[in-house]
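*Asks:* Provided herewith is a single structure, encoded as structure tokens, for subsequent inquiry.
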Amino acid sequence: MVASRISHARGRLTAEDFQKILAVMDHLGLPVMDHLGLPVMVDDFDEQQLSARVRDLTLQRGGHSLHCVLPTAIGKVIFTDTITDGELVTAVTERARAEGAR
5 MVASRISHAR GRLTAEDFQK ILAVMDHLGL PVMDHLGLPV MVDDFDEQQL SARVRDLTLQ
65 RGGHSLHCVL PTAIGKVIFT DTITDGELVT AVTERARAEG AR
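Numbering (this note's numbering), first residue to last: 5 to 106.
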């Protein structure tokens with residue numbers, strides 16, 4: 005979900021495909037952040053914890069950036085290592101707000 009939000013914010017994923025992905029993930033109740041080793045529940049989101057975890061993972065990779073998969077359409081993705089902490093925090097924060105609105 006976070007990757008879809010980042011891809012949409014970057015203009016790589018259309019609003020229509022973004023909404024389809026959101027609907028399917030919400031319907032299936034899929035976890036939001038566990039691939040980062042963070043709490044699955046967005047209620048537990050902590051911006052400093054997220055930034056620290058990204059730094060830890062980067063250090064574990066010998067200082068190399070994290071490689072992320074971003075959807076560009078249903079069934080299509082790109083790989084990137086240019087995700088910023090700011091993009092990640094924004095995407096997770098938006099998800100937390102969306103969860104709170106339901």
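Every residue gets a Cβ at the ideal spot worked out from N, C-alpha and C, and that includes glycine.
Model, not experiment: these values are computed from the prediction.
(1) Which of the three DSSP states, helix, strand or coil, is assigned to ILE25?
(2) Does DSSP put ILE82 in a helix, in a strand, or in coil?
(3) Taking 8 Å as the threshold, find out whether the segment 25 to 35 comes into contact with the segment 53 to 73 through three or more Cβ pairs.
(4) Between which two residues does the beta strand (DSSP E) harbouring THR76 extend?
(5) Do the segment 12 to 22 and the segment 50 to 58 make contact, defined as three or more Cβ pairs closer than 8 Å?
(6) Give the DSSP-derived three-state secondary structure of ASP50 in the structure shown.
(7) Tell me whether ILE10 sits in a helix, a strand or coil according to DSSP, three-state version.
*Replies:* Reading it off the structure:
(1) In this structure, DSSP gives ILE25 a helical state, which the three-state scheme calls helix.
(2) Here ILE82 sits in strand by DSSP.
(3) These segments do not touch.
(4) Counting along the chain, the beta strand (DSSP E) containing THR76 begins and ends at 72 to 77.
(5) They do not touch, by the three-pair rule.
(6) Coil.
(7) Helix.
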